[in-house]
Structures are given as structure tokens and as C-alpha cells.
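Below is one structure, written out as C-alpha cells; the observations come after it.
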Amino acid sequence: MRYMERKCFKAVGCVSALGIGTSGLGGDLWRADTSKDERHLAVLANALANGIWVVDTSEIYGGGHAEELVGKALSTFAKEDRDKVVVVTKFWPDNAEKIVLAAKASARRLGTYIDIYMPHGPLPDICKAVKAFEELVDRGVIRFWGLSNVDARKIEEARSCAKRHDIAAVENVYNYINRLDEHEALPYAQREGILYLAASPLARGAVVENYRIRRIAERLGKTPVQVALRWLMDKPAVVPIPRTTRPEGVLEFAGAYGWRLPDEYAKELEVR
Ligand SMILES: NC(=O)c1ccc[n+]([C@@H]2O[C@H](COP(=O)([O-])OP(=O)(O)OC[C@H]3O[C@@H](n4cnc5c(N)ncnc54)[C@H](OP(=O)(O)O)[C@@H]3O)[C@@H](O)[C@H]2O)c1
Numbered sequence: 001m002r003y004m005e006r007k008c009f010k011a012v013g014c015v016s017a018l019g020i021g022t023s024g025l026g027g028d029l030w031r032a033d034t035s036k037d038e039r040h041l042a043v044l045a046n047a048l049a050n051g052i053w054v055v056d057t058s059e060i061y062g063g064g065h066a067e068e069l070v071g072k073a074l075s076t077f078a079k080e081d082r083d084k085v086v087v088v089t090k091f092w093p094d095n096a097e098k099i100v101l102a103a104k105a106s107a108r109r110l111g112t113y114i115d116i117y118m119p120h121g122p123l124p125d126i127c128k129a130v131k132a133f134e135e136l137v138d139r140g141v142i143r144f145w146g147l148s149n150v151d152a153r154k155i156e157e158a159r160s161c162a163k164r165h166d167i168a169a170v171e172n173v174y175n176y177i178n179r180l181d182e183h184e185a186l187p188y189a190q191r192e193g194i195l196y197l198a199a200s201p202l203a204r205g206a207v208v209e210n211y212r213i214r215r216i217a218e219r220l221g222k223t224p225v226q227v228a229l230r231w232l233m234d235k236p237a238v239v240p241i242p243r244t245t246r247p248e249g250v251l252e253f254a255g256a257y258g259w260r261l262p263d264e265y266a267k268e269l270e271v272r
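Counting with UniProt numbering, you get residues 1 to 272 for the letters of the sequence shown.
Written as C-alpha cells, this is what we have:
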């Protein structure tokens with residue numbers, strides 16, 4: 001393996017500072033398409049080979065086929081290496097009534113345990129869900145639970161229901177263009193030692209067009225994608241999960257490892 005930086009958290013321990021998203025792998029949302037499996041497995045193989053060891057997936061990506069591809073990519077790993085990878089998967093809130101069944105189905109598709117399990121969004125009865133998460137942890141189906149698309153109040157509410165296992169991760173949209181979470185959810189996660197997964201870290205590709213990011217990338221001899229990821233990685237608790245359907249795109253992501261934004265450029269990026 002080339003290089004890996006790590007970040008450490010209260011519940012989940014130390015994880016790679018860069019992750020990978022898998023929406024778009026194995027088909028569209030809700031719908032499987034196996035025709036590009038070889039290419040999509042190469043995306044995942046490149047991620048794992050380059051120390052990108054947080055993998056974010058979902059029961060809805062490729063209608064579950066993304067989870068199967070993640071499982072296939074991981075099946076080449078020895079157990080001790082598998083144990084160092086963090087597999088995050090999510091269920092659609094409609095499945096809240098059958099969380100235990102949905103988690104078992106995801107674990108079956110992955111062919112391994114789930115490291116962090118979370119709903120895609122807020123749930124009507126969060127205490128009932130947290131009870132199911134704790135049961136899943138006790139049964140060894142998942143190691144930790146988390147929440148997605150939530151504010152600090154919702155995180156607190158969920159944590160107040162937990163009896164044995166505290167929240168490990170929050171996954172919200174956060175990137176150079178959408179910085180709303182800087183007001184609340186991010187400082188909350190940083191204060192509480194919660195892993196903060198930055199979803200859509202490239203603003204679905206839009207960061208590449210941002211003139212400040214482009215200017216700094218040019219001066220540093222990096223690509224705009226690498227600057228946008230590094231800007232996130234330099235923040236405590238943040239692990240970005242960019243996605244690409246191109247195996248070479250992952251190599252570009254991995255180029256965000258091994259350096260930091262010099263202070264003058266970090267300051268320049270803070271100016272809005
Ligand atoms: N929990 C949630 O509700 C939630 C919501 C959104 C996202 N997420 C997670 O976050 C992950 C990433 O978010 P995202 O899918 O919204 O998108 P993203 O990572 O912000 O951006 C991905 C897009 O950027 C493009 N891209 C990559 N490298 C590029 C480059 N060098 N130049 C131009 N474009 C480039 C990709 O195209 P190519 O494929 O052509 O490279 C893709 O279209 C998802 O896969 C998912 O795991 C979670």
C-alpha cells in the first residue's frame with residue numbers, strides 16, 4: 001500500500017482520513033446494473049490498494065448491488081486487514097420498521113459484518129431505532145451505529161435513547177460550496193469525538209469549477225479535487241467520502257494524502 005493517514009475517534013477508534021462513496025457503483029439508486037462490474041470493482045480495488053479504508057455504501061445504491069461489489073472487493077483481504085477497514089452502510093427510512101432484517105440483508109450482500117449502520121435520514125421513532133441498533137451491536141451484525149442528514153439536536157435526541165452503545169458517526173453533506181454544517185453538526189461531532197463523514201465532498205463535481213480552489217490547486221501543483229478533499233481532511237473529525245465511477249479517479253483522490261494546505265492557502269479558502 002502507498003500511504004495512509006488516520007484519524008481517531010471515541011467509539012470507532014482510528015480510521016483512514018479519506019474514504020470512498022459508492023453511489024453510482026453497481027447501478028443507479030434502487031436499480032442494479034451489472035454491466036460495469038469489472039470497472040466498478042477496479043474503482044474499489046484502487047481505493048483499498050491506496051489506503052482509502054472507509055467505504056460508504058447503502059442498500060439503495062444499485063438496489064443493493066453496490067454492497068455486493070464492496071463485499072467482493074473486500075473478499076480479497078485477509079481477516080486482519082478486513083478488520084481495519086470501516087464499512088458504512090445505510091437503510092432507507094421506510095425500512096425503519098424492519099431495521100434488524102434490513103441490516104441482516106445488507107450484511108449478507110456484503111458477505112461480512114457492518115462496521116457502521118445508519119438510516120439515510122431522520123426517523124419518526126428514533127428511540128425504537130436506537131434500540132434496534134443496540135440489539136444489532138449485541139448480536140455482532142454491526143459494530144456501531146450512526147445517523148445521516150441530521151442536525152445536532154437530532155443527534156442529541158438519538159444519543160439520549162442509547163442504553164449501552166453511543167453513536168459513532170454522522171454523515172451529512174459538507175463541501176467547500178455547502179458549509180451549512182459548520183454552524184452546528186460539525187462542531188458538535190468534533191467536540192464529542194464522533195466520526196464526521198462528509199457526503200458529496202466534491203459538491204457532485206462542482207468544486208472543480210470553483211475559482212478559489214482552482215487558483216490554489218494551480219499554485220500547489222495539485223488538482224482541484226485534491227485541494228477540495230485536503231481542505232476537508234485538514235479539519236478535525238472530518239473524513240470525506242468522494243465517489244467516482246472511474247478507476248483512475250480514485251488515484252486522483254489518493255493524491256490528497258501526504259500533505260497539508262499551507263496556512264496562507266487555508267486562510268484564503270476561509271474567506272467567503
Ligand atoms: N447520506 C446521504 O444522504 C448521502 C448523500 C449524498 C452522498 N452520500 C455519499 O457521499 C458519496 C459522494 O457524494 P456524491 O455522490 O454526491 O458526489 P461527490 O463525491 O461530491 O461528487 C462525485 C461526482 O464528482 C465527479 N468527479 C470526480 N472526480 C472529478 C474530477 N476530477 N473532475 C470532475 N468531476 C469529478 C464524479 O464523476 P465521475 O464518476 O465521472 O468521476 C461524480 O459525478 C456518495 O457516493 C455517497 O456514498 C451520502
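Backbone N, C-alpha and C define an ideal beta-carbon position, used for all residues, glycine too.
When you compare the CB of residue 234 with every CB in chain B, is at least one pair closer than 7 Å? Looking for chain B here will not work: only one protein chain is present.
Suppose contacts are defined by Cβ-Cβ distances below 7 Å. Is residue 165 in contact with residue 137 by that definition? Yes, the pair counts as a contact, with Cβ atoms nearer than the cut-off.
For residue 201, verify whether its CB is less than 6 Å away from any heavy atom of ligand 1. Within the cutoff, so yes.
In angstroms with no decimal places, state the Cα-to-Cα distance between residue 134 and residue 140. Between residue 134 and residue 140, the C-alpha separation is close to 10 Å.
Which one or two residues does DSSP pair with residue 171 in a beta bridge? Residue 171 pairs with 148, 197.
Contact check, residue 16 vs residue 6 under 8 Å by CB: the rounded distance? About 6 Å; that satisfies the 8 Å criterion.
Which residue's Cα is closest to the Cα of residue 245: 261, 171, 205? In terms of Cα proximity to residue 245, the closest of 261, 171, 205 is 205.
Within 8 Å, do at least three Cβ pairs link the region 193–202 to the region 224–241? As far as the Cβ criterion goes, the region 224–241 touches the region 193–202, which means the pair count is three or higher.
Is the closest heavy atom of ligand 1 to the C-beta of residue 60 under 6 Å? False, no ligand heavy atom lies under 6 Å from that Cβ.
Quick one: is the Cβ of residue 89 within less than 6 Å of any heavy atom of ligand 1? When distances are taken from the beta-carbon of residue 89 to the heavy atoms of ligand 1, even the shortest one reaches 6 Å or more.
Residue burial classification, residue 101 (beta-carbon count within 10 angstroms, cutoff 16): Residue 101 counts as exposed, since fewer than 16 other C-beta atoms from the protein chains shown sit within 10 angstroms of its C-beta.
Can you grab the Cα-Cα spacing for the pair residue 50 / residue 258, in whole Å? Taking C-alpha positions only, residue 50 is separated from residue 258 by approximately 12 Å.
Roughly how many angstroms separate the alpha carbons of residue 167 and residue 154, rounded to a whole number? For residue 167 and residue 154, the distance between alpha carbons rounds to 12 Å.
Quick one: is residue 143 buried, meaning 16 or more other Cβ sit within 10 Å of its Cβ, or exposed? Counting Cβ neighbours within 10 Å, residue 143 comes out buried, since at least 16 surround it.
Among the residues of its own chain, which have a CB less than 7 Å from the CB of residue 188, if the five just before and after it don't count? Counting only residues of its own chain and dropping the five nearest sequence neighbours on each side, residue 188 has a CB closer than 7 Å to the CB of 152, 155.
In terms of alpha-carbon separation, which member of 145, 129, 209, 217 lies closest to residue 96? The option with the nearest alpha carbon to residue 96 is 129.
Run of the alpha helix (DSSP H) containing residue 128, from where it starts to where it stops: First-last of the alpha helix (DSSP H) with residue 128: 126–139.
Sorry if obvious, but does the Cβ on residue 16 come closer than 6 Å to a heavy atom of ligand 1? Residue 16: no, Cβ never under 6 Å from ligand 1.
Would a C-beta distance cut-off of 7 Å place residue 241 and residue 19 closer than the cut-off? In this structure, residue 19 lies closer than 7 Å to residue 241 by Cβ.
Taking the straight line between their C-alpha atoms, what separation do you get for residue 69 and residue 55? Annotation: residue 69 to residue 55 spans about 11 Å, alpha carbon to alpha carbon.
Residue 4 bridges to which residues according to DSSP? DSSP, once it has assigned bridges, lists no residue as partnering residue 4.
Please determine whether the Cβ atom of residue 171 lies at a distance below 6 Å from any heavy atom of ligand 1. With a cutoff of 6 Å, residue 171 counts as near ligand 1, since its C-beta is closer than that to a heavy atom of the ligand.
Can you tell me whether residue 271 is helix, strand or coil according to DSSP? Correct three-state label for residue 271: coil.
Counting along the chain, where does the alpha helix (DSSP H) carrying residue 99 start and finish? It spans 99–110 - the alpha helix (DSSP H) in which residue 99 sits, taken as one unbroken run.
Which residue wins for smallest C-alpha separation from residue 115, given the options 90, 202, 73, 98? Closest option to residue 115, Cα to Cα, is 90.
Sort out for me which residues DSSP pairs residue 21 with in a bridge. Looking at the DSSP assignment, residue 21 forms a beta bridge with 56.
Taking C-alpha atoms, which residue in 99, 13, 118, 35 lies nearest to residue 84? The option with the nearest alpha carbon to residue 84 is 13.
Which residue or residues does DSSP assign as beta-bridge partners of residue 245? Paired residues: none, contrary to the question.
Helix, strand or coil for residue 265 per DSSP? If DSSP states are grouped into helix, strand and coil, residue 265 belongs with the helices.
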